[in-house]
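Protein chains in written order, with my numbering: chain A, 9 to 482; chain B, 5 to 278.
The structure under discussion appears below in the form of structure tokens.
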């Protein structure tokens with residue numbers, strides 16, 4: 009069922025792709041779509057929404073005059089838990105809102121600069137055919153507003169960014185976003201659309217160093233960011249803020265790279281992009297694992313999610329995902345689809361040698377097996393967890409402070425906010441009491457307590473039995 | 005004088021005449037007040053950060069004296085009381101935008117810390133008028149930059165390793181809190197303070213700077229970011245780039261919560277320091 013839906017979508021996308029190319033050729037010949045119809049009536053006020061949300065598809069069969077209002081604001085907020093930074097933004101978010109117009113529209117852009125700003129700001133919009141992409145026309149000191157208009161002559165997905173001196177600093181502080189110029193026929197219908205922009209950030213302190221951090225010039229010049237992030241904050245799309253979909257859904261991501269320096273090797277772990285509008289243009293590629301998005305570029309990717317689970321969006325220059333924050337989640341809910349994906353077996357215990365026959369060693373080997381089979385899926389094989397998503401079990405102050413508390417957590421699960429090694433987490437740990445025996449839980453906890461630089465300790469199966477008997481309220 | 009200065013003064017001088025004549029200022033502060041401290045800056049040859057396609061790399065400055073600290077809220081409040089034409093409710097909009105002294109309505113005027121903070125939200129016209137009331141004028145960009153190049157030990161500290169970052173950190177150190185009261189910074193070799201804090205300072209010729217970005221000037225071949233970058237000899241001096249880019253985008257009636265000023269005076273021939 010899911011397969012036929014997928015192939016139909018592919019055929020449809022291909023057809024639209026061909027139509028798109030044709031339409032572009034027509035535009036080049038005509039250079040214009042004529043006067044916007046709405047000019048004679050009321051202009052359309054663009055309704056902007058913060059990322060990762062996307063304005064709805066346009067469904068308009070004629071060009072119009074569209075008013076877009078952006079405001080530049082300089083704000084101090086968290087870039088990661090406990091780490092604050094002065095962001096320069098469009099409309100208070102990084103990225104700025106996704107602007108959605110139709111090919112042939114005349115866009116009237118109002119750029120206001122908040123009175124409390126320190127800097128002048130402007131906008132260079134890559135959808136504009138004209139000097140500076142509008143940069144010269146929109147230089148706006150604090151407390152002022154500039155207005156300029158342009159005709160969106162080419163469809164595609166384009167970056168916009170601030171281009172006031174010092175330009176690299178304005179971009180490094182978060183001043184970018186995307187504008188989608190829909191082709192006249194619109195885009196194929198999908199179940200969900202989301203908006204993701206990667207950026208690199210250069211802070212005076214190291215990764216996760218708490219407090220108010222300032223912009224670090226030397227790191228910018230060396231192109232050695234402290235953070236590489238989706239949507240300007242570590243954990244912007246993990247845990248309770250994860251993107252969501254249901255089994256079998258088709259999801260479209262409008263993905264950009266604000267830079268200033270790093271290209272993105274955009275990948276969804278466990279997913280294949282059915283369609284990619286390469287570089288945001290009209291060329292559509294299929295069955296893509298990882299698509300390259302340069303700074304100042306964008307790409308439309310579409311994928312089917314046929315099985316439930318958590319799918320991680322990463323920059324597959326993978327150090328950035330695990331050490332610098334370039335990580336988001338798509339949570340797919342629905343019934344398992346064993347015909348497509350099935351965990352048959354795995355992590356069988358390695359037969360212990362003669363020397364390992366004693367009780368404690370058996371327990372430890374069993375604990376390792378349970379850890380590798382179950383815990384490592386979220387907490388990772390090295391027990392370091394995933395920043396912004398899953399807390400570490402290694403060197404964990406939370407675990408070592410009360411090892412016996414862990415019994416109830418494994419049995420009954422845990423949700424809500426906890427702080428581990430001074431980082432806040434808001435994920436959901438599933439209850440494992442139904443699938444693990446008292447012995448297995450005792451073994452895995454003992455294994456974790458005596459590995460990964462934890463402080464040691466022993467959990468006895470009888471303790472697990474007692475907690476299980478006490479029920480979840482304990 | 006350089007071409008850049010000549011170009012700037014063509015823009016600045018008519019505005020100056022408008023400002024002064026419109027306001028019929030008394031030229032000096034009253035005798036009972038404490039005269040603000042000025043320190044002599046001997047001038048000399050100087051390589052500006054603005055050097056490049058916009059003028060010779062080197063400028064020569066005559067001696068002048070500069071205020072030790074930027075003008076404070078307390079000082080500007082006294083000025084407005086003595087010259088009520090510059091009150092928020094009386095100043096003509098052509099000389100000061102709606103943002104002029106906008107933060108004052110919610111300010112604790114009896115608070116000493118408020119009075120000692122650098123005044124911001126002042127238009128270029130108002131800053132000119134204030135300086136005239138002290139028998140002074142606004143510094144040129146080159147004068148301001150000449151003094152700002154110094155640190156506590158040397159007249160030109162710009163090549164000191166790590167300085168770019170130190171200056172950037174000072175700009176952002178306060179986060180979104182108001183700037184610290186004046187006098188907190190260490191005095192430089194001339195005895196002048198607080199040039200590198202979070203407040204940009206008006207210069208008399210800001211309108212002619214590259215940077216390019218003034219929306220209302222017709223003669224703006226240099227409006228783009230590229231022109232700004234090309235107009236700077238040292239593209240790594242972000243602290244100065246930020247100031248220049250911000251100032252050059254403004255109109256003289258604009259007032260910003262991050263822009264204040266200080267004044268300079270000429271030095272009579274022969275007393276021009278060493």
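For glycine and all other residues, C-beta sits at the position ideal for the given N, C-alpha and C.
A quick note: this is a predicted structure, and the numbers were derived from the prediction, not measured.
Quick check on the DSSP output: the alpha helix (DSSP H) that includes residue i runs from which residue to which?
i	result
residue 118 (chain B)	116-120
residue 171 (chain B)	167-176
residue 78 (chain B)	77-86
residue 379 (chain A)	Unbroken run through residue 379 (chain A): none, as it is neither H nor E.
residue 405 (chain A)	405-409
residue 132 (chain B)	128-137
residue 457 (chain A)	446-457
residue 101 (chain A)	Residue 101 (chain A) -> no alpha helix (DSSP H), and no H or E assigned at all.
residue 473 (chain A)	469-478
residue 169 (chain A)	Here residue 169 (chain A) belongs to no alpha helix (DSSP H); instead the beta strand (DSSP E) covers 164-169.
Give the residues of chain B in contact with residue i, contact being defined as C-beta atoms less than 7 angstroms apart.
i	result
residue 89 (chain A)	Within 7 angstroms Cβ-Cβ: nothing; residue 89 (chain A) doesn't reach chain B, min ~18 angstroms.
residue 84 (chain A)	179 and 180
residue 220 (chain A)	179
Who are residue i's beta bridge partners in DSSP?
i	result
residue 87 (chain A)	None, per the DSSP bridge assignment.
residue 109 (chain A)	A:189
residue 120 (chain A)	A:79 and A:153
residue 293 (chain A)	A:284
residue 349 (chain A)	Its beta-bridge partners do not exist; DSSP assigns none.
residue 219 (chain A)	A:91
residue 269 (chain B)	B:69
residue 96 (chain A)	A:82
Determine the chain B residues that contact residue i at a beta-carbon separation under 9 angstroms, and present them in chain order.
i	result
residue 226 (chain A)	166, 168 and 169
When the distance is taken between beta carbons, is residue j closer than 8 angstroms to residue i?
i	j	result
residue 448 (chain A)	residue 378 (chain A)	yes
residue 75 (chain A)	residue 111 (chain A)	no
residue 298 (chain A)	residue 324 (chain A)	yes
residue 303 (chain A)	residue 251 (chain A)	no
residue 128 (chain B)	residue 209 (chain B)	no
residue 99 (chain B)	residue 257 (chain B)	yes
residue 407 (chain A)	residue 262 (chain A)	no
residue 266 (chain B)	residue 71 (chain B)	yes
residue 435 (chain A)	residue 266 (chain A)	no
residue 113 (chain A)	residue 71 (chain A)	yes
residue 457 (chain A)	residue 411 (chain A)	yes
residue 85 (chain A)	residue 77 (chain A)	no
residue 88 (chain A)	residue 216 (chain A)	yes
residue 373 (chain A)	residue 460 (chain A)	no
residue 143 (chain A)	residue 173 (chain A)	no
residue 209 (chain A)	residue 180 (chain A)	yes
residue 375 (chain A)	residue 290 (chain A)	no
residue 134 (chain A)	residue 140 (chain A)	no
residue 186 (chain B)	residue 93 (chain B)	no
In the DSSP assignment, the beta strand (DSSP E) including residue i goes from what residue to what residue?
i	result
residue 248 (chain B)	Careful: residue 248 (chain B) lies outside any beta strand (DSSP E), inside the alpha helix (DSSP H) at 242-252.
residue 285 (chain A)	281-285
residue 236 (chain A)	235-238
residue 340 (chain A)	335-341
residue 206 (chain A)	200-209
residue 428 (chain A)	426-428
residue 319 (chain A)	317-323
residue 311 (chain A)	305-313
Using a Cβ cut-off of 9 angstroms, pull out every chain A residue sitting near residue i, in sequence order please.
i	result
residue 262 (chain B)	124, 125, 126, 127 and 150
Give the residues of chain A in contact with residue i, contact being defined as C-beta atoms less than 7 angstroms apart.
i	result
residue 242 (chain B)	174, 177 and 225
residue 208 (chain B)	Within chain A, no residue comes near residue 208 (chain B); the closest Cβ sits about 18 angstroms away, beyond 7 angstroms.
residue 246 (chain B)	127 and 174
Mind listing the chain A neighbours of residue i? Cutoff is C-beta to C-beta under 8 angstroms, in chain order.
i	result
residue 153 (chain B)	By Cβ distance, chain A contributes nothing, its closest Cβ being about 18 angstroms from residue 153 (chain B), past 8 angstroms.
residue 258 (chain B)	149, 150, 151 and 152
residue 249 (chain B)	127, 128, 172, 173 and 174
Determine, using beta carbons only, whether residue i comes closer than 8 angstroms to chain E.
i	result
residue 253 (chain B)	Judged by its chain identifiers, the structure shown contains no chain E, and its protein chains are A and B.
Compute the minimum distance between the beta carbon of residue i and the heavy atoms of the ligand ZN, and state whether it is under 7 angstroms.
i	result
residue 74 (chain A)	For the ligand ZN, the structure offers nothing, since it holds no ligand at all.
### Query
Which residues, in order along the region 172-184 of chain B, keep a beta-carbon less than 7 angstroms from a beta-carbon of chain A?
Of all residues in the region 172-184 of chain B, 172, 173, 176, 179 and 180 have a Cβ within less than 7 angstroms of some Cβ in chain A.
### Query
the region 130-148 of chain A: which residues have C-beta closer than 9 angstroms to a C-beta of chain B, in chain order?
Those would be 130, 132, 139, 140, 143, 144, 145, 146, 147 and 148, in chain order.
### Message
By the 7 angstroms beta-carbon criterion, what residues does the region 173-191 of chain A contribute toward chain B?
### Response
Hits within the stretch, in order: 173, 174, 175 and 177.
### Message
Can you pull out the residues from the region 197-213 of chain A whose beta carbon lies closer than 9 angstroms to at least one beta carbon of chain B?
### Response
Legend: CB atoms of the region 197-213 of chain A lying less than 9 angstroms from CB atoms of chain B belong to residues 212.
### Query
Of the residues that make up the region 101-128 of chain B, which ones have a beta carbon closer than 8 angstroms to any beta carbon in chain A?
The residues in question are 101, 102, 103 and 106.
#### Entry: Selection of the region 93-121 of chain A by Cβ proximity to chain B, strictly under 7 angstroms
So the list reads 94, given in the order they occur along the chain.
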